[in-house]
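Using the numbering used here, the first residue of the sequence shown is number 258, and each one after it goes up by one.
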Amino acid sequence: MNSLKNFIIVSNVFCAGLFAAQDTSSLSNKNATPETQNLYKNLWQLMDKGVMFGHQDDLGYGVNWRMQDGRSDVKETAGDYPAVFGWDVMNIESGGKGPIDIFSFAQMKKMMEDVYNMGGINTVSWHANNPLTGKTAWDNTKGGVKAILPGGEKHQMFLNWLDLISDYLASVKGKDKKQVPILWRPYHELTGSWFWWGKNNCTSEEFKQLWKMTYDYLTKTKGRNNLIWIYNTSDFNTKEEFLEFYPGDEYADMISFDIYELDNPVHNTGFVERSQKQFAIMDEIAKEHHKIPALAETGYEQIPYNRFWTKTLTEAIGNYKISYILAWRNHGLTEEKKMHYYVPYKGHPNEQDFRDFYNLGNTLFLKDIQKTNVYK
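Okay, structure coming up:
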């Protein structure tokens with residue numbers, strides 16, 4: 258590993274940050290498993306060392322390959338796996354064989370267990386189907402949230418969906434036979450309008466009821482004690498806007514937002530400016546509410562700019578302490594004949610910038626967090 262990286266990581270251990278004093282904050286679920294409690298404690302402490310890098314579906318596929326054991330575009334480019342591995346349980350409620358057509362739920366379970374066994378961290382989201390129409394999460398027909406609340410016409414059906422989620426997340430176990438702790442991020446990007454649970458499709462009170470119902474059912478009724486709950490938005494402009502749908506401190510452990518570079522960063526600095534504004538707001542909220550902040554999704558599709566990692570993204574984060582950033586998936590060629598990926602693959606023209614990003618002193622990949630043993 259780069260000697261400068263080692264030096265800065267070690268030096269940062271001795272730097273007491275504002276978040277360090279809060280690392281005794283406990284999980285919202287007081288019955289969380291020891292491994293889950295230890296992970297949460299270590300997430301606080303790791304922020305003093307740097308920001309962890311994550312990648313969606315990293316072990317499942319990449320540009321020009323599918324389901325090859327141990328393979329990873331991140332590892333082939335940087336020489337190391339991500340610290341955080343993102344997954345999604347989309348289609349589990351409809352009886353699908355897998356979240357996508359590339360791997361099954363059984364295969365995803367195995368990959369999540371592999372991540373845990375090698376000391377990495379799993380985070381899971383859920384692109385839940387619209388309960389009113391049965392269509393995808395992007396069908397934003399209004400009334401879906403109201404229909405699944407207690408007394409709603411789809412309430413019991415939705416609880417059945419949560420049963421499937423609970424059973425699946427309980428089944429993910431390491432070689433030590435322990436349930437794998439999960440950073441659980443349901444109902445994400447809630448300030449957007451593209452999902453049926455988004456702010457334009459339900460009231461803030463309805464969303465809070467949905468979140469609390471989900472939390473109470475999975476935690477108290479089903480005993481899912483291996484979850485760390487992440488509240489997640491897309492764009493927001495004020496502290497009040499970020500917190501409008503927030504269910505309360507007793508129902509969340511982490512806070513986060515998603516943001517992507519959609520323009521040419523050479524000519525348009527909007528991504529950096531928006532990110533900095535939102536990080537400033539989230540940083541204030543995280544300190545006031547004693548929650549761990551994260552950038553739960555980000556990236557620049559196809560990465561056409563040769564300094565996206567070491568300039569654009571680095572400037573976007575600035576000096577704010579956050580737990581992790583997660584780049585979206587490397588699908589490769591889509592059905593629409595478009596290349597869809599967010600991390601350089603081996604041979605990508607800008608892979609050197611990603612290696613330089615890896616070698617920065619404040620970026621943490623798998624080898625870095627293996628030293629901590631995050632579940633102990």
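For every residue, glycine included, the Cβ atom is placed at its ideal position computed from N, Cα and C.
Run through the DSSP bridge pairs and tell me what residue i is partnered with.
| i | result |
| --- | --- |
| Arg323 | Tyr318 |
| Arg442 | Ser382 |
| Asp515 | Glu554 |
| Gly400 | Paired residues: none, contrary to the question. |
| Asp520 | The partner list for Asp520 (beta bridge, DSSP) is empty, contrary to what the question assumes. |
| Met207 | Since the first and last residues shown for the chain are 258 and 633, residue 207 lies out of range. |
| Met375 | DSSP lists no partner for Met375. |
| His546 | According to DSSP, which records beta bridges pairwise, His546 is partnered with nothing at all. |
| His312 | Phe342, Ala584 |
| Gln436 | Lys430 |
| Leu484 | Ile439 |
So which of the options has the shortest CA-CA distance to residue i?
| i | options | result |
| --- | --- | --- |
| Asn458 | Glu558, Tyr557, Asn387 | Asn387 |
| Leu303 | Ile549, Asn616, His597, Tyr615 | Ile549 |
| Ser450 | Asn630, Leu416, Phe493, Lys477 | Phe493 |
| Gln437 | His445, Pro443, Leu426, Tyr444 | Checking the sequence, you will find Val at residue 437 rather than Gln. Closest option to Val437, Cα to Cα, is Leu426. |
| Thr571 | Thr620, Pro606, Gln609, Lys603 | Thr620 |
| Gly317 | Phe360, Ser283, Thr293 | Phe360 |
| Glu497 | Ile542, Lys628, Ala573, Thr293 | Ile542 |
| Asp406 | Leu389, Thr393, Asp396 | Reading the sequence as shown, one finds Leu at residue 406 and not Asp. Ranking Leu389, Thr393, Asp396 by Cα distance to Leu406 puts Leu389 first. |
| Ser532 | Thr569, Arg323, Met414, Lys594 | Thr569 |
| Val402 | Trp468, Asp506, His546, Leu296 | Trp468 |
| Val346 | Lys367, Ile538, Ile357, Ile378 | Ile357 |
| Asn295 | Gln609, Ser283, Met511 | Ser283 |
| Pro504 | Gln466, Ile538, Asp540 | Gln466 |
| Lys578 | Lys595, Lys544, Arg481 | Lys544 |
| Val631 | Lys287, Glu292, Trp454 | Glu292 |
| Thr629 | Trp301, Phe528, Lys287 | Trp301 |
| Ala289 | Thr460, Lys479, Ile422, Trp322 | Lys479 |
| Pro601 | Gly336, Glu593, Lys298 | Gly336 |
Does the beta-carbon of residue i have 16 or more other beta-carbons within 10 angstroms, so that it is buried, or is it exposed?
| i | result |
| --- | --- |
| Thr398 | exposed |
| His524 | exposed |
| Leu590 | exposed |
| Ala385 | buried |
| Trp566 | buried |
| Leu447 | buried |
| Ala340 | buried |
| Arg442 | buried |
| Ala278 | Bear in mind that a pLDDT of 43 at Ala278, under 50, signals an unreliable position, so the number given afterwards is only what the model happens to contain. Exposed. |
| Asn718 | Outside the modelled stretch of the chain, which goes from 258 to 633, sits residue 718, for which no answer is possible. |
| Gln535 | buried |
| Met634 | In the structure as shown, the chain starts at 258 and stops at 633, and residue 634 therefore has no counterpart that could be examined. |
| Gly575 | exposed |
| Leu519 | exposed |
| Asn482 | buried |
| Asp510 | buried |
| Ala394 | buried |
| Ala537 | exposed |
| Asn521 | exposed |
| Phe464 | buried |
Could you give the DSSP three-state label for residue i: helix, strand or coil?
| i | result |
| --- | --- |
| Leu644 | Lying outside 258 to 633, the shown extent of the chain, residue 644 is not represented and no answer is given. |
| Gln559 | coil |
| Thr281 | Note that Thr281 scores 48 on pLDDT, short of 50, meaning its location in the model is unreliable; the coordinates nonetheless yield the value given after this. Coil, per DSSP. |
| Tyr581 | strand |
| Asn489 | strand |
| Asp345 | strand |
| Leu621 | strand |
| Met368 | helix |
| Phe499 | helix |
| Glu410 | coil |
| Gly527 | helix |
| Lys603 | coil |
| Thr448 | coil |
| Arg612 | helix |
| Ser532 | helix |
| Val631 | coil |
| Thr569 | helix |
| Asp473 | helix |
| Pro504 | coil |
| Asn295 | helix |
Taking Cβ positions only, does residue i come closer than 8 Å to chain B?
| i | result |
| --- | --- |
| Phe528 | Structure shown: chain B not included; a single protein chain is present. |
Cβ contact check for the stretch 501 to 518 and the stretch 538 to 554: 3 or more pairs under 8 Å: yes
Assess contact between the stretch 567 to 584 and the stretch 308 to 318, defined as three or more Cβ pairs (one per stretch) separated by less than 8 Å. Is contact present? yes
Whether or not the stretch 346 to 363 and the stretch 412 to 424 are in contact is what I'm after, with contact meaning three or more pairs of Cβ atoms, one per stretch, closer than 8 Å; do they touch? yes
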